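First the structure, in the form of structure tokens, and then the observations on it.
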Amino acid sequence: MESQWGDGGSVDLDDTRLEELSPQPLLTRDYETRPALVYERLRQQHGPVAPVDLLGVPAWLVLGYREALQVLQDNDGFPKGLENWRARSEGRVPADWPLGPSLEVNHILIQGGPGYRPLRTAWDVALKPFQDPRHPQAKRLKAAVTAYADELITLVGQGGKTGVADLSAQFSRPLPLMVASHLLGFPGSQGDDALMDMWRVLDAGPDAEAALERLLATLAELAATKLEKPGDDFPSYLLAAHPDLSLDHLARELFMLLGMTSDHVGILVSNTVVEVISGEGSVRASLSAGMVREAMNRSVMRKPPLVNFVPRFAAEDTPLGNYTIRAGDPVWVSSAAAHADPLFADHVASGTTISTRAHLSWGAGPRQCPARELASTVAAAGVGRLFERFDHLDLALPADQLPWRSSPFMRGLRSLPVRYELSAAPARPSADGPVPGVAEEVLPDPSARQRSSLWRYLTGLIRGGR
48 MESQWGDGGS
58 VDLDDTRLEE
68 LSPQPLLTRD
78 YETRPALVYE
88 RLRQQHGPVA
98 PVDLLGVPAW
108 LVLGYREALQ
118 VLQDNDGFPK
128 GLENWRARSE
138 GRVPADWPLG
148 PSLEVNHILI
158 QGGPGYRPLR
168 TAWDVALKPF
178 QDPRHPQAKR
188 LKAAVTAYAD
198 ELITLVGQGG
208 KTGVADLSAQ
218 FSRPLPLMVA
228 SHLLGFPGSQ
238 GDDALMDMWR
248 VLDAGPDAEA
258 ALERLLATLA
268 ELAATKLEKP
278 GDDFPSYLLA
288 AHPDLSLDHL
298 ARELFMLLGM
308 TSDHVGILVS
318 NTVVEVISGE
328 GSVRASLSAG
338 MVREAMNRSV
348 MRKPPLVNFV
358 PRFAAEDTPL
368 GNYTIRAGDP
378 VWVSSAAAHA
388 DPLFADHVAS
398 GTTISTRAHL
408 SWGAGPRQCP
418 ARELASTVAA
428 AGVGRLFERF
438 DHLDLALPAD
448 QLPWRSSPFM
458 RGLRSLPVRY
468 ELSAAPARPS
478 ADGPVPGVAE
488 EVLPDPSARQ
498 RSSLWRYLTG
508 LIRGGR
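Residue 48 is where the sequence shown starts when you use my numbering, and the numbers rise one by one after that.
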């Protein structure tokens, strides 16, 4: 079958087994600073699929857009689930492999086998009230995002009507965490300590292990509370849709929602802000015309937050790219590399046949991210409110000097320094007053918020910048 991105011509397959190759390490200093060059070097050497070394473990990295779609859309041919990993079953994956802990947590993004389908169905049911724009919960969520955004912007304004701020630390990262706390149904500001621990886990610093233990304990306690007294929140809806979930399993699902959604959305907000501020005129025009989502799509085409998906495994020997992938081999799809595939990117650049909605930021096929609409709504509302509240935003560093942080899965800005000028007053009611459609309990008590660890941290950033 011919592809619109290539002629589909046959190639001589390399049948060398993955374990017999000598793949180059992927996660190098070059990859952290210039991942696009690393992807291109691999593409030139191996074609659309390349063998790589992931911290001592060999894997296939999918670089081509067409091949990425082939893997993502074929859940039978390339299933998830670590039980499908031949090297792991044979004891050839080191017990102390650094990526092991993040893949061993068996939640919705990782799980394979017969347990996945009922879990995914429950996720879809539990998320629907927040993702269906006609549902009251979705309307309350959007209003809550605006309220939280106003809280954060007002806090930035305490440093002065004009000044310099780090929009990553002071807006993009805390906003989705606050929204996630709303989704999980933490009462008042009780979830703020959990949010700070999630932040520590994502940063993988020296206190990450202790933070993870505290966070899982907090989420298990929250799960027990929702089992005893359900509410209008995601964990209660998930339990109702999947009553057989154990509290431990529910805690793992809440951890995934809190971590994945918050980090992905935070990076998406920052990247979209950079795209608008430093991008071409059409990007600014699309935002001023109210097309925030188009600006987001352009951003994820260039810099997707989730650069590499969690692994899948070949169900049987399968030709892919220039190689034969053996049954049980790990296959990692790189959305960042696929977006840069010349056979795809050239069509996007020419504006001929490919929409910016063809990006793979949320995956593709039957295992596409279940929370993609929710995450997009949160990010779009946050970005939109940011540009409504600031009369002027400009990068405080050249775009090519912004500091990035990379992991095997995500890539985002370490900081986003901007020069700002705040508008005189919010265009709509802020968190200080009533927000239409939002119950009072959505917005935390101001005195409780001021006592929380998250708010003390954010206030400290303001004071430290003076």
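Virtual Cβ for every residue (Gly too), placed ideally from N, Cα, C.
Only a predicted model underlies this, so the values are computations on that prediction, with no experimental measurement involved.
Taking C-alpha atoms, which residue in Phe-456, Pro-234, Ala-385 lies nearest to Pro-145? Phe-456
Does the Cβ of Ala-287 lie closer than 7 Å to at least one heavy atom of the ligand HEM? With respect to the ligand HEM, the structure shown offers nothing to examine, as it has no ligands at all.
Is there contact here, the region 310-318 with the region 267-275, by at least three beta-carbon pairs under 8 Å? no
In this structure, does DSSP put Thr-75 in helix, strand or coil? coil
Once DSSP output is grouped into helix, strand and coil, what is the label at Arg-461? coil
Just reading off the beta strand (DSSP E) that His-386 is part of, what are its end residues? Taken as a continuous stretch (DSSP letters only), His-386 belongs to no beta strand (DSSP E), being part of the alpha helix (DSSP H) at 382-386.
Taking 8 Å as the threshold (C-beta atoms), are Pro-98 and Trp-107 in contact? yes
Around the C-beta of Gln-91, are 16 or more other C-beta atoms found within 10 angstroms, so that it is buried, or is it exposed? exposed
With 16 other Cβ atoms within 10 Å as the buried cut-off, status of Lys-276: exposed
Could you have a look at Arg-466 and say whether DSSP puts it in helix, strand or coil? strand
Do you know whose CA, among Gln-217, Asp-213, Val-226, Lys-208, lies nearest Val-192's CA? Val-226
Inter-residue Cα distance where the pair is Tyr-195 and Gly-429: 9 Å
State the start and end residues of the unbroken alpha helix (DSSP H) segment that holds Trp-170. 163-178
Since Gln-217 and Leu-199 are thought to touch, with beta carbons under 8 Å apart, how far apart are those beta carbons, to the nearest angstrom? 7 Å
Spatial neighbours of Asp-62 within its chain, please: C-beta separation below 6 Å, excluding the five flanking residues on both sides. Thr-371
Jot down the residue ranges of each uninterrupted alpha helix (DSSP H) in the region 88-160, minimum 4 residues, whole runs only, in chain order. 112-120, 133-136, 147-151
In or out: Gly-459 buried (at least 16 other Cβ within 10 Å) or exposed? buried
If Val-465 sits next to Asp-441, beta carbons under 8 Å apart, how far is it from one beta carbon to the other, in whole angstroms? 6 Å
Give the C-beta separation of Leu-305 and Met-245 to the nearest angstrom, bearing in mind that I take them to be a contact with Cβ-Cβ under 8 Å. 5 Å
Quick one: which unbroken beta strand (DSSP E) runs of 3-plus residues sit fully inside the region 207-264? Chain order, please. 209-213
Residue ranges of each alpha helix (DSSP H) run of no fewer than 4 residues wholly in the region 399-439, ordered along the chain? 419-436
DSSP three-state label for Thr-371, please. strand
Does the beta carbon of Met-457 sit closer than 8 Å to a beta carbon anywhere in chain D? Absence of chain D from the displayed structure is noted, only one protein chain being present.
Mind the definition here: the region 418-426 touches the region 169-179 only if three or more C-beta pairs lie below 8 Å; say whether that holds. yes
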